[in-house]
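Residue numbers (the working numbering): 830 to 1007.
From the three backbone atoms N, C-alpha and C, an ideal C-beta is built for every residue, glycine too.
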């Protein structure tokens, strides 16, 4: 179960920070050795560090991650493609939210965070696509974020379709293929 979680977290780390070293130094503030030992399951990280790791995900994404991990316990064969399954299910959910007409989709190209600053430092241009459901109760919005290559922003801007249509037609393939 731990290794399935590590795989999903590693995918997020690499897509947002480019390297594990960058992630450890800039975001977590821990040594590479501590990080490697945690990934192996031989070291426990402090709760503050684990909160930072959890902070890479929205509350909804973290809940989804837990469900996907549980599936790997029930269906061990899913361990081999846990990252792809997480991404696939996440994009299916985002599309379903959009089909209800209640969700909002935003393209965030200049999001200032550790992740985008770190990505820029190593020359990796990314954008974030955010799909959210607002229930009208403060603090209970559900959010899914997709870190995508910046080149798709031009595709979206040049396309004869709007952002919602682009998400419907291209999100799954672009996100899983990234």
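For the beta strand (DSSP E) that contains residue i, what are its first and last residues?
| i | result |
| --- | --- |
| residue 846 | Counting along the chain, residue 846 falls outside any beta strand (DSSP E), though it belongs to the alpha helix (DSSP H) covering 831–846. |
| residue 936 | 932–937 |
Using 8 Å for Cβ pairs, my map puts residue i next to residue j. What's the rounded Cβ distance?
| i | j | result |
| --- | --- | --- |
| residue 935 | residue 959 | 5 Å |
| residue 931 | residue 962 | 6 Å |
| residue 977 | residue 996 | Contact flag wrong, Cβ pair sits at about 11 Å. |
| residue 886 | residue 894 | 6 Å |
Measuring CA to CA, which of the options is closest to residue i?
| i | options | result |
| --- | --- | --- |
| residue 1054 | 867, 841, 899, 905 | Beyond the ends of the chain as shown, which are 830 and 1007, falls residue 1054; an answer cannot be given. |
| residue 1002 | 928, 994, 916 | 916 |
| residue 914 | 997, 932, 836, 926 | 836 |
| residue 907 | 833, 994, 997, 857 | 833 |
| residue 1004 | 926, 866, 921, 967 | 921 |
| residue 877 | 926, 856, 848, 831 | 856 |
| residue 928 | 965, 998, 853, 880 | 998 |
Is residue i helix, strand or coil by DSSP?
| i | result |
| --- | --- |
| residue 1000 | helix |
| residue 966 | coil |
| residue 951 | At residue 951, the pLDDT of 49 sits below 50, so the modelled position is not reliable and the matter cannot be decided from this model. |
| residue 956 | strand |
| residue 972 | strand |
| residue 983 | helix |
| residue 977 | strand |
What residue does the alpha helix (DSSP H) around residue i start on, and which one ends it?
| i | result |
| --- | --- |
| residue 859 | Note, residue 859: premise wrong, no alpha helix (DSSP H); not H, not E. |
| residue 917 | 911–929 |
Contact the region 962–972 vs the region 880–897: 3+ CB pairs below 8 Å: yes
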